[in-house]
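Chains as they are written, first to last, in the working numbering: chain L, 1 to 121; chain D, 1 to 121. What follows is one structure encoded as structure tokens, with my remarks underneath.
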DNA sequence: TGGCGACATCGAAGAACGTCGATCTGAGGA
DNA sequence: TCCTCAGATCGACGTTCTTCGATGTCGCCA
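Here you go:
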């Protein structure tokens, strides 16, 4: 996924009389959609906690049984949140025997952070 | 707002028989709530585009009349999204004469990016 | 092979969100 | 003073999200 905020100049010149005549559209609609999808995956306290706990966990991975108790939600709900994070490319899922281990997708959060600092620059 | 992912060790030791006995809770519930609130502010394509356009605009600020056209949404909807971004501390609003100018809150996105890289470390 | 334990999936209920048209407010100009 | 224009607020509607209990699936162990 190449979701960096590239500055693509667009010549959208509406008949605006107030401010600047030209609008440089920083992120096109498709890029914005992808970025928003990533942010939406982190837009829930439970999912932020999940990511944090997994990141701080020994070996950088954790199984669901480690996650339900500190979050304080039911097992189906935690599974649901984990699925969202995996589908967003933030976590990875590995089945080992009876248990499913979740870990951070390497570079995913860093890449998202880069998008933010690019926009702020 | 001090929403950095500090690693606060918590002795939540459930009777887990599968993996690690102790869970280091990285982000406590309150920090997770604050971070999720920030991410939720960016969890919509329209708001990501608004931030991008404002950041790329001349002078780093733009009035609403510059924003409705490229976003393709009605003026009340754009106002609504801008309000969410201001309340999240991502944008600032300045009334100058007849027009309202929106700009990036300095350091807001950078601080959010730091939270992400902290979690990934 | 039968049972158990870990986890995913399903379906439903309630809350939250995004969007719009209509309307209100407040500043500038004639 | 009255009109116009930029923008905010209001009320409503449809969609999406969060959460749960119930149930399904799959691997392990006796």
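No residue lacks a Cβ here, since even glycine has one placed at the ideal position from N, Cα and C.
- Within chain L, the residues whose beta carbon sits less than 8 Å from that of residue 117 of chain D are 109, 110, 113, listed in sequence order.
- Close partners of residue 76 of chain D in chain L (Cβ separation under 9 Å) are lacking, with about 18 Å as the shortest Cβ gap.
- At a cut-off of 8 Å between C-beta atoms, residue 33 of chain L counts as an interface residue with respect to chain D.
- Counting only runs of 3+ residues, the beta strand (DSSP E) found wholly inside the stretch 57 to 114 of chain D occupies 61 to 63, 91 to 96, 99 to 104, in chain order.
- Residue environment: residue 47 of chain D is assigned as buried (16 or more neighbouring CB atoms within 10 Å of its CB, all protein chains considered).
- Closest option to residue 70 of chain D, judged by alpha-carbon separation, among L:83, L:28, L:51, L:118: L:28.
- The shortest C-alpha to C-alpha distance from residue 85 of chain D to any of D:37, D:119, D:120, D:31 is the one to D:37.
- Bounds of the alpha helix (DSSP H) holding residue 35 of chain L are 29 to 41.
- In this structure, L:60 is the residue among L:44, L:30, L:113, L:60 with its C-alpha nearest to the C-alpha of residue 94 of chain L.
- With contacts defined by Cβ atoms closer than 8 Å, residue 51 of chain L and residue 90 of chain L form a contacting pair.
- By a beta-carbon distance limit of 8 Å, residue 113 of chain L does not contact residue 55 of chain D. Their separation comes to about 16 Å.
- In this structure, the alpha-carbon of residue 108 of chain D lies about 16 Å from that of residue 31 of chain D.
- Proximity of chain L to residue 51 of chain D at the Cβ level (cut-off 7 Å) is accounted for by 119, in chain order.
- A residue is called buried once 16 or more other Cβ atoms fall within 10 Å of its Cβ, and residue 115 of chain L is buried on that count.
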